[in-house]
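For reference, the structure is listed below as structure tokens.
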Amino acid sequence: MALTAVVRIPTRALLRPWARLRDSALGWMEPVGGVEVSTQRFGSQRVLVEPASAAGVAVMTFKNPPVNSLSLELLTELVINLEKLENDKTFRGVVLTSDCPGIFSAGLDLTEICGRNPAHYAEYWKAVQEMWLRLYLSNLMLVAAINGACPAGGCLMSLTCDYRVMADNPKYAIGLNETLLGIVAPFWFKDTLVNTIGHRASERALQLGLLFPPTEALQVGMVDRLVPEDQVQSTALSVLAQWMAIPDHARQLTKNMMRKPTADGLLKKRDEDIQNFVSFISRDSIQKSLQMYLAKLRQKKG
Ligand SMILES: CC/C=C\C/C=C\CCC/C=C/CC(=O)SCCNC(=O)CCNC(=O)[C@H](O)C(C)(C)COP(=O)(O)OP(=O)(O)OC[C@H]1O[C@@H](n2cnc3c(N)ncnc32)[C@H](O)[C@@H]1OP(=O)(O)O
Numbered sequence: 001m002a003l004t005a006v007v008r009i010p011t012r013a014l015l016r017p018w019a020r021l022r023d024s025a026l027g028w029m030e031p032v033g034g035v036e037v038s039t040q041r042f043g044s045q046r047v048l049v050e051p052a053s054a055a056g057v058a059v060m061t062f063k064n065p066p067v068n069s070l071s072l073e074l075l076t077e078l079v080i081n082l083e084k085l086e087n088d089k090t091f092r093g094v095v096l097t098s099d100c101p102g103i104f105s106a107g108l109d110l111t112e113i114c115g116r117n118p119a120h121y122a123e124y125w126k127a128v129q130e131m132w133l134r135l136y137l138s139n140l141m142l143v144a145a146i147n148g149a150c151p152a153g154g155c156l157m158s159l160t161c162d163y164r165v166m167a168d169n170p171k172y173a174i175g176l177n178e179t180l181l182g183i184v185a186p187f188w189f190k191d192t193l194v195n196t197i198g199h200r201a202s203e204r205a206l207q208l209g210l211l212f213p214p215t216e217a218l219q220v221g222m223v224d225r226l227v228p229e230d231q232v233q234s235t236a237l238s239v240l241a242q243w244m245a246i247p248d249h250a251r252q253l254t255k256n257m258m259r260k261p262t263a264d265g266l267l268k269k270r271d272e273d274i275q276n277f278v279s280f281i282s283r284d285s286i287q288k289s290l291q292m293y294l295a296k297l298r299q300k301k302g
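Residue 161 in the UniProt record's numbering sits at position 161 of the sequence shown, with consecutive numbering throughout.
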């Protein structure tokens with residue numbers, strides 16, 4: 001079914017993006033000559049992209065049931081869809097959220113890093129790096145609408161965003177819990193956390209593999225706002241509307257200035273990081289820890 005519709009945004013609003021917010025607040029909707037904005041829904045099997053009602057904004061929804069684990073396929077689709085949004089200059093902001101009830105993302109897909117061969121680990125880790133680099137350095141404004149559990153790689157993904165809104169439900173938790181699995185968060189996971197909550201809080205959180213319930217996550221600065229579950233996405237959209245009031249070029253240069261040094265840390269040694277990952281994850285002791293952890297997860301139901 002074709003869902004294409006074309007909305008015209010006046011050129012003056014595109015040249016002065018902050019004017020768009022003001023104009024729409026005034027109820028200015030009249031289509032006049034300008035740039036075409038596609039309102040077509042797109043995406044792929046595991047990543048749905050829908051333009052939001054506000055011009056320039058899209059919602060990217062992960063749908064990789066049951067837990068949105070970051071499989072190679074999901075990572076690949078995420079990067080492709082992000083690139084599409086970035087290439088379409090009508091989009092300025094994206095809300096990232098989940099279609100899996102009660103779960104934002106369970107993090108890396110453990111079946112990708114357990115019981116496979118070194119070539120697979122290398123391919124997978126490259127995709128994880130790519131996801132982080134693309135999101136972390138994206139020129140788009142990214143807001144995470146965290147509508148469920150958000151451990152490990154799921155937390156990392158949310159930390160790449162410019163703002164995090166989380167459902168205020170004590171059943172959900174967020175954090176980099178790698179040590180609980182007997183594995184170690186790589187330096188760029190660590191750097192992303194340090195840049196968000198500071199060194200001391202990160203050191204404690206990483207060593208203990210802390211998963212913070214929403215109230216504590218807010219206190220430590222891991223998320224920016226808590227709202228009732230049914231308001232997570234709408235709040236994320238209204239946060240984006242506020243950020244849209246800032247001229248893009250100034251905001252983008254500022255974001256890049258803040259983040260590039262951290263990203264360069266990985267860009268300078270991507271291959272070495274892949275080799276480290278492959279040799280670490282291939283160790284018998286690490287594979288045993290992961291197998292035990294997976295078995296525990298699977299037993300939970302039984
Ligand atoms: C010196 C160092 C050098 C290099 C270091 C290099 C690298 C090491 C670092 C690698 C980084 C890793 C980061 C990660 O992301 S690891 C993944 C961590 N994730 C978790 O710990 C989350 C595990 N899952 C859960 O806690 C729960 O599933 C969750 C709270 C998300 C949802 O709970 P719920 O009760 O709703 O569902 P479950 O019944 O638990 O799960 C349903 C089925 O999904 C399977 N599952 C869950 N999580 C994963 C996963 N991450 N990957 C794959 N599969 C997962 C679970 O087993 C159930 O499966 P079935 O029983 O239905 O078959």
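Cβ coordinates follow ideal geometry from the N, Cα and C atoms, glycine included. Values in this document were obtained by computation on a predicted structure and should not be read as measured data.
What separation, rounded to the nearest whole angstrom, lies between the Cα atoms of residue i and residue j?
i: valine 79; j: alanine 201; result: 30 angstroms
i: leucine 159; j: glutamine 299; result: 30 angstroms
i: alanine 250; j: methionine 257; result: 11 angstroms
i: asparagine 147; j: threonine 97; result: 7 angstroms
i: isoleucine 286; j: tryptophan 243; result: 43 angstroms
i: aspartate 271; j: methionine 131; result: 15 angstroms
i: residue 307; j: glycine 154; result: No answer is possible for residue 307: the residues shown for the chain start at 1 and end at 302.
i: phenylalanine 187; j: asparagine 177; result: 14 angstroms
i: asparagine 68; j: leucine 108; result: 9 angstroms
i: alanine 171; j: serine 53; result: Here residue 171 turns out to be lysine, not alanine, going by the sequence shown. Cα to Cα, the separation comes out at about 31 angstroms.
i: alanine 145; j: valine 232; result: 6 angstroms
i: leucine 210; j: glycine 175; result: 6 angstroms
i: lysine 268; j: lysine 260; result: 12 angstroms
i: residue 315; j: alanine 127; result: In the structure as shown, the chain starts at 1 and stops at 302, and residue 315 therefore has no counterpart that could be examined.
i: glutamate 216; j: alanine 167; result: 13 angstroms
i: serine 44; j: asparagine 195; result: 32 angstroms
i: proline 151; j: valine 220; result: 16 angstroms
i: tyrosine 136; j: aspartate 248; result: 16 angstroms
i: methionine 60; j: alanine 236; result: 12 angstroms
i: phenylalanine 189; j: leucine 156; result: 7 angstroms
i: alanine 263; j: histidine 199; result: 17 angstroms
i: proline 213; j: isoleucine 103; result: 13 angstroms
i: cysteine 114; j: glutamine 207; result: 22 angstroms
i: alanine 106; j: alanine 149; result: 7 angstroms
i: aspartate 191; j: isoleucine 281; result: 21 angstroms
i: lysine 296; j: valine 95; result: 33 angstroms
i: proline 101; j: aspartate 273; result: 34 angstroms
i: asparagine 64; j: glutamate 112; result: 14 angstroms
So, with DSSP's three-state summary, where would you put residue i?
i: phenylalanine 104; result: coil
i: tyrosine 172; result: coil
i: glycine 182; result: coil
i: leucine 75; result: helix
i: alanine 217; result: helix
i: alanine 295; result: helix
i: leucine 48; result: strand
i: threonine 61; result: strand
i: arginine 164; result: strand
i: residue 313; result: Residue 313 lies beyond the stretch modelled for the chain, which goes from 1 to 302, so this question has no answer here.
i: alanine 145; result: strand
i: valine 194; result: helix
i: residue 303; result: Examination of residue 303 is not possible in this model, given that the chain is present from 1 through 302 alone.
i: valine 232; result: helix
i: arginine 283; result: coil
i: valine 223; result: coil
i: leucine 135; result: helix
i: leucine 70; result: strand
Using C-beta distances below 6 angstroms, list every residue in its chain close to residue i, excluding the 5 sequence neighbours before and after it, in chain order.
i: leucine 82; result: Arg134
i: valine 57; result: Gly93, Leu240
i: leucine 70; result: Leu108, Asp109, Gly153
i: tyrosine 293; result: Leu181
Here's a check: name, in chain order, each residue in its chain whose Cβ is nearer than 8 angstroms to the Cβ of residue i, leaving out the five neighbours to either side.
i: glutamine 252; result: Asn139
i: phenylalanine 42; result: Val49, Asn81, Lys84
i: glycine 265; result: Phe187, Trp188, Asp191
Please determine whether the Cβ atom of residue i lies at a distance below 7 angstroms from any heavy atom of ligand 2.
i: aspartate 109; result: In the structure shown, ligand 2 is absent; the only ligands present are ligand 1.
With 8 angstroms as the threshold, decide whether the Cβ of residue i is near any Cβ in chain B.
i: cysteine 161; result: Note that chain B does not occur in the displayed structure, where there is just one protein chain.
Excluding sequence positions up to five away, which residues of its chain have a Cβ less than 7 angstroms from the Cβ of residue i?
i: arginine 46; result: Phe62, Lys63, Asn64, Glu73, Leu74, Glu77
| Quick check: the region 83-94 against the region 117-127, are there 3 or more CB pairs under 8 angstroms? | At 8 angstroms Cβ cutoff, the stretches do not touch.
| field | Runs of beta strand (DSSP E) lying entirely within the region 77-125, each at least 3 residues, in chain order | value | Those beta strand (DSSP E) runs which fall completely within the region 77-125 and span 3+ residues are 93-98.
| Contact between the region 275-282 and the region 203-213 (3+ Cβ pairs under 8 angstroms) | Taking a cut-off of 8 angstroms on C-beta distances, the region 275-282 does not touch the region 203-213, as fewer than three cross pairs fall below it.
| message | Would the region 135-145 count as touching the region 109-121 if we require 3 or more Cβ pairs under 8 angstroms? | response | At 8 angstroms Cβ cutoff, the stretches do not touch.
| Which ranges would you report for the alpha helix (DSSP H) in the region 257-281 if only whole runs of at least 4 residues count? | Counting only runs of 4 or more, we get 270-281.
| field | Three CB pairs or more closer than 8 angstroms across the region 179-195 and the region 229-241 | value | Taking a cut-off of 8 angstroms on C-beta distances, the region 179-195 does not touch the region 229-241, as fewer than three cross pairs fall below it.
| request: Check whether the region 217-224 touches the region 155-170, counting contact only when three or more Cβ pairs, one atom from each stretch, lie closer than 8 angstroms. | output: Yes, since at least three Cβ pairs between the region 217-224 and the region 155-170 fall closer than 8 angstroms, the two stretches touch.
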